[in-house]
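Q: Pasting a structure here, questions to come.
Numbering (mature numbering (1 follows the signal peptide of the UniProt record, and there is no 0)), first residue to last: -20 to -1, 1 to 314.
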């Protein structure tokens, strides 16, 4: 027999293809449910939408009831903490105890506060680094999973918490006892002022005026952000294709000024254009359509006043978080 290994390779390839199709189906189902939330056919649920993005990555192998139970158990402890501190009448009691749970060394978190995971913090090598489910298991996350968990826990208790965007960054905003907006930073726990965020993140005045950064996201915009995650998770497994483009376009209907979504769409179009151009017989009609859409998308980004945050500046900011983390650890030892 000339090719004895073919009988081994072919079943492996067929099995891999079957698993890929099953996983893609999980992504399609997650997309459909998130879309139904945005159109009003299903109740809006940030917690559910976050779970959908993460479960799809694992071919729907995560257990939603178990996830909800974990969140419910934490929320119960936090409500008890509110009672212990006799702050039930304060509108921001839920925000206070959630921050304490994530940032302080207390019994409720097993004396293990949630910290920043500096290894692959962008999820470039492993997209699951962005996940709330990973954060719950390890107590280490990033500027993605940390604010997501904060928001989920606050909403579980009936408190208000809103996502807010900065270049390459997500944080929390909520109103204080006087109705004034407060910024909550969870990567290096604290309450930074707007001026600090503007300076450290190199945010332009035009970008602020256009509300692409530092504005509290609505419930639908928050779900649209989870669709960004859905598309990114899919892309990390299968690359750019029509699913990524469709997901980005759908989310942008409800969050049109979302720079990460716009960039994702532009990158997807550019990749698809290059792939089509390499074909022996490119589809000229589809190619021209995608090129026009890409130009339109890039023009929209420019009109919003978006400018790239220099990578050097972002790396410096990440290092400053690491330095502060080391200082805190040294202080605890002393």
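Each residue gets a CB set at the ideal place from its N, CA and C atoms; glycine is no exception.
(1) Could you work out which residue in 33, 191, 133 and 108 is closest to residue 281 when comparing CA atoms only?
(2) Sorted by chain position, which residues of the same chain lie with C-beta nearer than 6 Å to residue 67's C-beta, five sequence neighbours on each side aside?
(3) Can you tell me which of 141, 145, 254 and 244 puts its alpha carbon nearest to the alpha carbon of residue 75?
(4) So residue 214 is in the alpha helix (DSSP H); what residue range does that whole segment cover?
(5) Taking 8 Å as the limit between beta carbons, can you name the residues of its chain near residue -8, skipping five residues before and five after?
(6) Check residue 265 in the structure and name its three-state DSSP category.
(7) Which residues share a DSSP beta bridge with residue 145?
(8) Using only the alpha-carbon positions, how far apart do residue 21 and residue 13 sit?
(9) Am I right that residue 123 and residue 149 are in contact with their C-beta atoms under 8 Å? What's the rounded C-beta distance?
(10) Beta-carbon within less than 7 Å of residue 128's beta-carbon, same chain only, minus the 5 sequence neighbours each way: which residues are those?
(11) Report yes or no: do three or more beta-carbon pairs, one from the segment 172 to 180 and one from the segment 84 to 101, lie closer than 8 Å?
(12) Out of 184, 159, 157 and 145, which one is the CA nearest neighbour of residue 165?
(13) Expressed to the nearest angstrom, what Euclidean distance is found between the alpha-carbon atoms of residue 249 and residue 159?
A: In short, the structure shows the following:
(1) Answer by Cα proximity: 191.
(2) If we look at residue 67 and ignore the five residues flanking it on each side, its Cβ neighbours are 73.
(3) Of the candidates 141, 145, 254 and 244, the residue whose Cα lies closest to the Cα of residue 75 is 141.
(4) Residue range 199 to 218 is occupied by the alpha helix (DSSP H) that includes residue 214.
(5) Confidence at residue -8 is low in this model, with a pLDDT of 48, below 50, so the placement of that residue is unreliable and no value is reported for it.
(6) For residue 265, the secondary structure class from DSSP, reduced to helix, strand or coil, is helix.
(7) Its beta-bridge partners are 150.
(8) C-alpha separation (whole angstroms): 9 Å.
(9) The C-beta distance from residue 123 to residue 149 rounds to 5 Å, short enough to meet the 8 Å contact threshold.
(10) Shown here for residue 128: same chain residues with a beta carbon closer than 7 Å to its own, the five before and five after excluded, namely 30 and 112 in chain order.
(11) Under the 8 Å Cβ criterion, the segment 172 to 180 does not count as touching the segment 84 to 101, having fewer than three qualifying pairs.
(12) That would be 145, whose Cα lies nearest to the Cα of residue 165.
(13) So the alpha carbons of these two residues sit roughly 42 Å apart.
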